[in-house]
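Asks: Heads up: the first sequence begins at 55 in the numbering used here, then just goes up one per residue. Backbone N, C-alpha and C fix where the C-beta goes; we use that ideal spot for every residue, glycine too. All values derive from a computational prediction rather than experimental measurement.
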Amino acid sequence: MSSTPFRARVLATVRRIPPGRVATYGDVAAAAGSPRASRAVGNIMRDCRSAAVPCHRVIAAGGQLGGYGGNLQMKRELLRAEGIIVAGNRVREFTARRWKAPGRPRQSNVNPR
DNA sequence: CTGCTGACTGGTA
DNA sequence: GTACCAGCCAGCA
55 MSSTPFRARV
65 LATVRRIPPG
75 RVATYGDVAA
85 AAGSPRASRA
95 VGNIMRDCRS
105 AAVPCHRVIA
115 AGGQLGGYGG
125 NLQMKRELLR
135 AEGIIVAGNR
145 VREFTARRWK
155 APGRPRQSNV
165 NPR
């Protein structure tokens, strides 16, 4: 399945997204180990046809829906079914619904950002 | 190895 | 608000 470890990490992260929440390609990429690989994540999502991976919960930055093969409408409906309000091509309260992967707890964090 | 593509992102006009 | 450009990364021919 996962021909590459990166793809495995991405799929694992997406799989961990709880219902009712959404994550951006950048967030998934960051959780996978490359915060700039948003494009690569999109490519992986495109190949994701497994129901085990809620690729519809992965959206673009700013709360934009992004893409979904040729069935963007289905993506909107799926999000709506999970309680996510979608207006046009945007998610309402995107910041509040945005889910972030659990970072690894390490004892040192003097300067998080 | 080189080159192109793309479910991205941010900035500029 | 929309349109276009450049940068970035992973996968594949």
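Could you give the first and the last residue of the continuous alpha helix (DSSP H) run that contains P59?
Replies: Stepping through the first sequence from its first residue, residue 59 is reached at position 5. That run of the alpha helix (DSSP H) goes P59 to R69.
Asks: Specify, as a first and last residue, the run of the alpha helix (DSSP H) that R75 falls within.
Replies: Here the question's residue 75 lines up with position 21 in the first sequence. Counting along the chain, R75 falls outside any alpha helix (DSSP H), and DSSP gives it neither H nor E.
Asks: Mapping DSSP to helix, strand and coil, what is Q127?
Replies: In the first sequence, counting from the first residue as 1, residue 127 sits at position 73. Three-state result, Q127: helix.
Asks: If distances are taken between C-alpha atoms only, which option among G116, V112, N143 and G137 comes closest to Q127?
Replies: Here residue 127 is taken as the residue at index 73 of the first sequence, counted from 1. The candidate whose alpha carbon is nearest that of Q127 is N143.
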